[in-house]
Each structure stands twice: as structure tokens, then as C-alpha cells.
RNA sequence: GCGAACGUAGCUCAGUUGGUUAGAGCGUCGGAUUGUGGCUCCGAAGGUCGGUGGUUCGAAUCCACCCGUUCGUACCA
């Protein structure tokens, strides 16, 4: 019921952090998902789907790093008082799924899935409370060959989406290397868990704050522009410099060509190598490097970078991050590097939470919306101007049956011998209540290739008017007066009723430049 | 979460020290053109001035709180 009372009218508004998606967006995303899927299928991964809701405890809220355990997730209580939460990533639900179906799944279990995830956080530009991820995981594979494969697959995905080699890079690090470094500077043990987190967070900010900012955060702390003070990790000068020495290794590869060997050598030569977990981590990185190199993936695609941190909750070994390296202008016209569009790593303990033993697993997650925004920027996505429907206009409402017959004839005829992969030609009869002028305006706005026009003259003569809207637009720009415009009827021609389908087919072909 | 700025029509924005009926451009709809998308001209619709309360004879304008947006920062599985 329409509300005349303006004061009490229901406001039509979206909850903050959520967006409506429109045709162009949806089509572009579907295209993208299909391309990613093809890559994963090529590697032998199979699809699986889990629901939006999981039991809250299954999502892993009791894992470390729960400064604010009740924030960030949408939760509600079920009839039986059990807490349910909307999933905030696709990894924890996969771990639940694998644990629940462990005995009947082939191991290693290789699967991919795309889906919406939800985070109850402050939204910002390009940052929403509902967004899509596309994951691929290998569960039950202890070998770093699985990690190497995930990295290569991530690189393949970027190229399948049209990102040129050199415009992206898959960065690889190992959590064990960072753990080893922290152990070496005296941050080992349970009592230092909090400071270790602070150190990892500091390292993670290299991109944004630079070496100086990280140095402050490793020491006493840092004051930002607004005067806010962030407490640091409180490391000694030597400890901080030791951590920062990792950054010196970045770029070792570029200087030497295409192999990750130089950075591996430097990692091995470091004094940290005396720490067992560090040495183990470097060993794994060396193996990954040699595996991807043997497969032909050089540092222009997969690069070892000791400054990569990624998620703090559950990664136990190698971690990956897909970065776009080209610059794009932001709203202010400044050039900025697009940055991370996906990440992942090894999470040996996640499935084990549901079972007695750890199940070694590794995976990768693509931020679909973010990557879509990047691709749009590259011009690799967003064929916005899709051809719209052929519009059959209605001039004489008493002859609706005739217009309907024409519409159906075109709809069937134009789509008769399409291959299954070809986009159908949409055909519609104008269903609004307005006159001819508005109908053609409608066709124009729908980006229609042509409109069919018929009144009593046409029905009597057995010939219909076909108006080529693209050709008409072209001709119209050369016509100044409205009288002449009316007289010319640019782009318009008449065809025999019996030849309608063939004539429209020919017109569409001409427009595609095939005739 | 903390700090700051901003919020006027669908969009981009004017709006004087607090003073009559809040404006423009673009867009939308209609007419000139009863059967033809453009151009041009004419006209119309469209506003809880983000919300609520307060100060005042009088508030888009001043004050408080709230909501939203943006920026910085923290967190980010």
C-alpha cells in the first residue's frame, strides 16, 4: 500500500557496509569466477559448498589473537540456545567440513569454492561487511610441494584473468622464519606470545609506514598524525635492528635475475640459522623455490619475501600473498600500488581442532570484489555496453496479439541455432504504458540494437519498420533541424513481415561488423 | 574502538552577521512534434536543509546528542 504520509514513509535504505550489485557487476564477476574455476579444475580441484552459518565455536574464536572475541562476527542464537555465526572466511568452514566427512574423503582432499563471507566491522571504501572470496585448498598434504602448487596456481589465476606477467607477483614467506627470528632475539616461550603478535603486526605495516614506522613500533611505539599513540613491542635496539634486517633481503632477487636462490642464500647465511625453527622454515622456502623454479616459475611470478606476514590466527608454515604491482590513480589522482588481492598459507592445526591429530593443510583465498575492482582498472573487466534487447514497440494497444506474435517469432528465430556457450539475443515487447517517443527512448536506454515499429499502415501493407538504433544515432548527429530529423527517420527501413527474422539477423550481423 | 572533518533536490554544488516563499546546472517527466531515440526551445515534478532536542521573536545557519559519509589510527580470522 502506497503511503501518502511522507513523515511515516518507510525509508528505502541499505544497511551500512552492504551493497546492491547490478547487471554489469554481476556479469563481470561471473566471467571472473568462471576463469578462476577453469584454472583450479585444471589442477584437479573439485568444487564443494558449505552454508553461510556455522556454529560459532567451529569458526575458531577460541584460537589465539582474540583481543575482542565478540566483535567482527554476525551471530545469533538458535532455538536450542546454541550460538550460530555467519562465516567470516571459507577456511574454517572447510576445516569443519573435512573433519566431519574425514573418513569418506580422498586424502589429500583438493577442493575449491567461491562464496560470500561476512564481517561485522567498520566498512570503508572498497571494504564491505559482505564480500566474496574464492578459495582453493589441499587438505592432508604435509609436503611443501602442496604449498608450491598453490602458489603456481595463484599465479596462473592472475594470468587467466588477464593480469600480465610483471603486473602481479605471488610473494612467499614462512611463519617459521619469523618465529625463529623472534626466538633468536629472546621472544620465545608462552610468556612472550603477546609481544610476538605486536612484532608481527609491526612487520605487516612495512608497506604503509615504511621502515621508520616499523622501527618505532618494534621499540617504544609510534604517534600518528592525529596524536594517537600506538604502543610498541618494546624490543631492545639490537632486537629491533635484527628484525629489520629481514627487510634488507627484499629485492635481493631482482638484482640477480630470475631465481630465488640469492635471497635463500642470504637467509641461510644469517646468524638466525642457529635457531632450529628458523632453519626449518628457510629449508621449506628453499624447497618451494626449487620446485616452482623447476616448473618454470621465476621471480617475476613467485618471489620469496621475508617481510610477508598474513593472518595471525592459524598459519603455521608457508604463507602467500598475491600482489598487484602496477600503479593506479586513486580518487585524488595520486598514483598508488593496488596491493594485495589474495593470500593464504599452511594451517596444519585447523582441522585438528575437530580431531585428535593435526591434519596438514594449505590453501589460498582470492578477494573477488577487490580483484574485480583492480581488473576494471586494468580494463580487463566490465564490458559494460552489452547489447540490449530487440524491442518490439506497441503503437496500437488493440493489436497486442500481433505484437506478441512478432516478438515470439523474433525470440525463437534469432536464438534458433545458437551454440550453448553463445549469449542469447534478448527480444522483448514493450510492456509500459507510454507512447512511441518514450518507447524508443526506452529502447535507447536499454542499449537495444534495433526496434520494431508497426501501426495500422504496416499491418495493412504486410511490411514492418525496423529501426537500426546504432546507425540512426550515427546519422542523427549530422541532422540539425527537427523537421529534417523526422523526415529522415535515420537508420530506419521497412521489411516484409515474412522476412522479419532474416532481416533482423542480418542487421545484428552488420552491427557486429561481420557483414 | 579512538581522533578529526563533512552532511542542502536523483547527481554536482550555491545559500550573505541568524531574517519573508531554500536556488542553479545536470538528470527525470511532459509539451512544441496526436506514429519515431538525437539537437533546440518551453514547462513541470522533485527538498522532513541527515535526525532529535535546545537557544531565539525568528534556525539550512548557533549549541547538544544521535545517525550517516570521508580521512587518519587501531583491529582484520
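Residue numbers (UniProt numbering): 1 to 515.
Just so you know, even glycine gets a beta-carbon here, dropped at the ideal spot from N, CA and C.
No experiment lies behind these values; they were computed from the predicted model shown.
Nearest to residue 183 by C-alpha distance, out of 313, 174, 277, is 277.
In this structure residue 410 is in contact with residue 501, their Cβ atoms being roughly 6 Å apart against a cut-off of 8 Å. In the structure shown, the three-state DSSP call for residue 229 is strand. Membership of residue 369 in the alpha helix (DSSP H) is indicated by the continuous run 368-378.
In the structure shown, residue 501 falls within a helical segment according to DSSP collapsed to helix, strand and coil.
With respect to residue 32, residue 378 sits apart: the two C-beta atoms are not nearer than 8 Å. Annotation for residue 419: no residue places its beta carbon closer than 7 Å to its own, counting only its chain and skipping 5 residues before and after. Around the CB of residue 55, fewer than 16 other CB atoms lie within 10 Å, so the residue is classed as exposed. Note on residue 439: 16 or more other CB atoms within 10 angstroms of its CB, so buried under the neighbour-count rule. Counting C-beta atoms within 10 angstroms of its own C-beta, residue 133 has 16 or more neighbours from the protein chains shown and is therefore classed as buried.
Residue pairing by DSSP places residue 247 in no beta bridge whatsoever.
Taking C-beta atoms as the reference points, residue 395 and residue 436 count as a pair closer than 8 Å.
Comparing alpha-carbon positions, the option among 58, 197, 154, 35 lying closest to residue 340 turns out to be 154.
Residue 342 sits in a strand when the DSSP states are folded into three classes.
In this structure, residue 366 lies away from residue 26, with their beta-carbon atoms at least 8 Å apart. In the DSSP assignment, the residues bridged to residue 131 are 117. Note that the C-beta distance between residue 165 and residue 355 is not below 8 Å. In chain order, 84 place their CB closer than 8 Å to the CB of residue 78, counting only its own chain and leaving out the 5 sequence neighbours on each side. For residue 459, the enclosing alpha helix (DSSP H) begins and ends at 456-461. At a Cβ-Cβ threshold of 8 Å, residue 48 and residue 351 do not count as neighbours. The beta carbon of residue 389 sits closer than 7 Å to the beta carbons of 426, 427, 428, 446, 448 from its chain, once the five residues preceding and following it are set aside; these are given in chain order.
When DSSP states are grouped into helix, strand and coil, residue 27 belongs to the helix group. The beta carbons of residue 214 and residue 323 sit no closer together than 8 Å. Within the same chain, and ignoring the five residues on either side of residue 266 in sequence, the residues whose Cβ sits closer than 7 Å to its Cβ are 249, 252. For residue 402, no beta strand (DSSP E) encloses it; the enclosing alpha helix (DSSP H) starts and ends at 400-414. Here residue 395 carries a coil assignment [DSSP, helix/strand/coil].
CA-to-CA, the gap between residue 108 and residue 193 works out to about 32 Å. By the neighbour-count criterion, in which 16 or more other beta carbons inside 10 Å mark a residue as buried, residue 498 falls on the exposed side. The beta carbon of residue 402 is closer than 7 Å to those of 459 in its chain, skipping five residues each way along the sequence. When only Cα atoms are considered, residue 124 and residue 11 end up about 22 Å apart. Under DSSP, residue 173 forms a beta bridge with 319. Between the segment 156-165 and the segment 282-294, the count of Cβ pairs shorter than 8 Å is below three; the stretches do not touch. Excluding sequence positions up to five before and after residue 229, its CB lies within less than 7 Å of the CB of 221, 223, all in the same chain and listed in chain order. Considering only 102, 129, 152, the residue with the shortest C-alpha distance to residue 364 is 152. Setting aside the 5 residues that flank it on each side, residue 130 is surrounded in the same chain by 18, 116, 118, each with a C-beta closer than 7 Å to its C-beta; the list follows chain order. Scanning 53, 209, 16, 75 for the CA closest to the CA of residue 126 turns up 16.
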